[in-house]
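Numbering (this note's numbering), first residue to last: 7 to 394.
Every residue, glycine too, gets a C-beta built ideally from N, C-alpha and C.
For reference, the structure discussed in these notes is given below.
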Amino acid sequence: MSLAFLSEEDRLFRDTVRSWVDAEIPKNWCRALEREEDAFPHAFWDKLSAFGAHGIGIPEGYGGQGGSIVTQVLFARELARTAAGVGWVWGVTSFSGGKGVLGAGSEEQKQRFLPEIAAGRLKTAMAFTEAGGGTDLLGGMKTTATKVDGGWRLNGEKIWSTGAGVADYLFLMARSDKDVKRRSDGVSLFFVPREAEGVTVSSMPKLGMRCISSCSVHLDDVFVPDDLLLGEAGKGWGYSTGTLNNERLVNAAFCLGMLDGVLEDAVDHLQTRRAFGHVIGEFQALQHYVADIAMWQKQGELMLLDGATLQSAGEPCANASNMAKVLCSEYAGRAADLGIQILGGMGYSAETDMQRYWRDARLLRIGPISNEMARNMIAEGLGLPRSF
């Protein structure tokens, strides 16, 4: 992110993270981790824990490192430069754990869970999406929570719950009341122990982020005690929307970090690869590719910092966060596609990172909110009627 727009403290943090990433999270190591499909990279998690990364965004009073959304996006960007989608080893628990509990949890729950998350002793996964709904979480929600003595009984199925196979808790949304005027009412949030009786987790093979399994989660009459209900029953949708801008900005930061990695690798290749008696960086067409990537990078970082600064100041930032998410995810994919072209045959090889950036950036165009839906929300933010 441009030095001109960062405080001295933010610059120092960014530089510290970059040095740590280069030393501890190199690209060749991340490529090797990804080849172990469905094998969660515990070594990666442990490095994050030792660095204190899991505490970023969690207040110091709960054992965290503190920091604003600006701190979070700086870290996510630097991590994704080498790790690409593998960096969601950090992002999943940061959002579904740290932000989930901060946004909806009681003081008792914050004291109970946040120090464990910050120390890297507790992993979480989000379980919101259902097979019949996708982005339409409310319209497709079939998972139910029925009140019983001392807690709730949950039944249903979730999909695309990334990290659920190793999570200690699932940050889960379920319908707890069907007799409501608005479909956003009657929805509750729970912290469901993955080892609870009746929870079955199955891996879903996917194109990218292969060492962090995305899973289906079956809930068969799962009992969840009252002290694992997050916030007030029936108010879960309101709690969740309070964290969505944060999530979109972190998504944008991951995509911008991948674009950084693409540009870094492309320039290195153009400066060292020779063909037809010349360094291929002399070829005008390839120079234009790199110039385009550099311009996309600058646009993305300005958009990301705008949204993060607004949110950090408590200003409305829904449109800015949606714009940053759409812009960065689409530019990252386009940049990676050009990167593959620049590297030629090696760009398609699993021995280089271009194909990894392309696969992982592609995922973030469709989730957790599709870019088409984000565009609808941007238009609504400008005063247009809701579209379908």
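Residue j and residue i - do their beta-carbons sit closer together than 9 Å?
{"i": "CYS261", "j": "ALA89", "result": "no"}
{"i": "LEU269", "j": "GLN293", "result": "no"}
{"i": "PHE229", "j": "GLU203", "result": "yes"}
{"i": "GLY171", "j": "VAL198", "result": "no"}
{"i": "ASN252", "j": "GLN317", "result": "yes"}
{"i": "MET179", "j": "SER246", "result": "yes"}
{"i": "VAL332", "j": "ALA367", "result": "no"}
{"i": "ALA125", "j": "HIS224", "result": "no"}
{"i": "GLY339", "j": "TRP364", "result": "yes"}
{"i": "ALA324", "j": "GLY387", "result": "yes"}
{"i": "ILE62", "j": "PHE81", "result": "yes"}
{"i": "VAL265", "j": "ALA342", "result": "The question names Val, yet the displayed sequence has Leu at residue 265. Yes, the Cβ-Cβ distance between LEU265 and ALA342 is below 9 Å."}
{"i": "ASP306", "j": "CYS334", "result": "Sequence inspection shows Gly at residue 306; the Asp mentioned does not correspond to that position. In this structure, CYS334 lies closer than 9 Å to GLY306 by Cβ."}
{"i": "ARG362", "j": "GLY214", "result": "yes"}
{"i": "PHE11", "j": "LEU250", "result": "no"}
{"i": "ILE123", "j": "GLY145", "result": "no"}
{"i": "SER376", "j": "GLY140", "result": "yes"}
{"i": "PHE267", "j": "LYS33", "result": "Phe is not the amino acid found at residue 267; the sequence shown has Gly there. For GLY267 and LYS33, yes; Cβs fall inside 9 Å."}
{"i": "ARG41", "j": "ALA356", "result": "yes"}
{"i": "ILE348", "j": "HIS284", "result": "no"}
{"i": "THR168", "j": "VAL98", "result": "yes"}
{"i": "ASP312", "j": "ALA326", "result": "yes"}
Near residue i, which residues of its chain fall below 6 Å by C-beta distance, leaving aside the five closest residues on each side in sequence?
{"i": "GLY111", "result": "LEU236"}
{"i": "PHE177", "result": "SER102, GLY106, THR130, MET132"}
{"i": "SER393", "result": "ASN382"}
{"i": "THR149", "result": "GLY162, ALA180"}
{"i": "TRP243", "result": "SER190, VAL193"}
{"i": "ALA173", "result": "LYS129, THR130, ALA131, ARG200"}
{"i": "ASP226", "result": "GLY204"}
{"i": "GLU14", "result": "none"}
{"i": "PRO322", "result": "none"}
{"i": "LEU370", "result": "ASN257, CYS261, SER335"}
{"i": "SER55", "result": "GLY126"}
Here's a check: name, in chain order, each residue in its chain whose Cβ is nearer than 8 Å to the Cβ of residue i, leaving out the five neighbours to either side.
{"i": "GLY156", "result": "PRO231, ASP232"}
{"i": "PRO47", "result": "LEU39, VAL92, VAL95, CYS217, ILE218"}
{"i": "TRP26", "result": "PHE57"}
Closer than 8 Å: is that where the CB of residue i sits relative to any heavy atom of the ligand FAD?
{"i": "LEU369", "result": "Among the ligands in the structure shown, none appear at all, so the ligand FAD cannot be discussed."}
Name the two residues that bound the continuous alpha helix (DSSP H) containing residue i.
{"i": "ALA339", "result": "This sequence places Gly at residue 339; Ala is not what is there. Taken as a continuous stretch (DSSP letters only), the alpha helix (DSSP H) holding GLY339 covers 324-349."}
{"i": "CYS261", "result": "242-278"}
{"i": "THR206", "result": "Counting along the chain, THR206 falls outside any alpha helix (DSSP H), though it belongs to the beta strand (DSSP E) covering 205-210."}
{"i": "ALA56", "result": "48-57"}
{"i": "SER100", "result": "Unbroken run through SER100: none, as it is neither H nor E."}
{"i": "VAL92", "result": "That residue, VAL92, is in no alpha helix (DSSP H); it is neither H nor E in DSSP."}
{"i": "SER318", "result": "290-318"}
{"i": "ASP44", "result": "Careful: ASP44 lies outside any alpha helix (DSSP H) and carries neither H nor E."}
{"i": "PHE11", "result": "Looking at the DSSP string, PHE11 is not in any alpha helix (DSSP H), and its letter there is neither H nor E."}
{"i": "ASP366", "result": "360-372"}
{"i": "LYS116", "result": "113-124"}
{"i": "LEU143", "result": "143-146"}
{"i": "GLY387", "result": "377-387"}
Counting along the chain, where does the beta strand (DSSP E) carrying residue i start and finish?
{"i": "THR168", "result": "157-168"}
{"i": "PRO199", "result": "193-199"}
{"i": "VAL223", "result": "220-231"}
{"i": "LEU176", "result": "175-181"}
{"i": "ALA356", "result": "ALA356 -> no beta strand (DSSP E), and no H or E assigned at all."}
{"i": "MET132", "result": "130-133"}
So, under 8 Å CB-CB, residue i and residue j are touching, yes? Tell me the CB distance rounded to an integer number of Å.
{"i": "LYS153", "j": "THR135", "result": "24 Å between Cβ atoms; not a contact."}
{"i": "MET360", "j": "GLY345", "result": "4 Å"}
{"i": "SER209", "j": "TRP166", "result": "11 Å between Cβ atoms; not a contact."}
{"i": "PHE196", "j": "LEU234", "result": "6 Å"}
Keeping to the same chain, check which residues put their C-beta closer than 7 Å to that of residue i; ignore five residues upstream and five downstream.
{"i": "GLY248", "result": "GLY109"}
{"i": "ALA45", "result": "CYS217"}
{"i": "PRO121", "result": "TYR68, GLY69"}
{"i": "ALA239", "result": "SER182, SER194"}
{"i": "VAL79", "result": "LEU255, VAL256, ALA259, LEU310, ALA314"}
{"i": "ARG24", "result": "GLU84"}
{"i": "GLY72", "result": "PRO65, GLU66"}
{"i": "ASP21", "result": "none"}
{"i": "PHE282", "result": "none"}
{"i": "GLU30", "result": "LYS53"}
{"i": "LYS212", "result": "SER220"}
Based on DSSP bridge pairs, tell me the residues matched to residue i.
{"i": "LEU236", "result": "LEU195"}
{"i": "GLY72", "result": "ILE62"}
{"i": "LYS153", "result": "TRP158"}
{"i": "VAL23", "result": "For VAL23, which the question treats as bridged, DSSP gives no partner whatsoever."}
{"i": "VAL107", "result": "BP columns for VAL107 are empty, so no partner."}
{"i": "VAL285", "result": "ARG280"}
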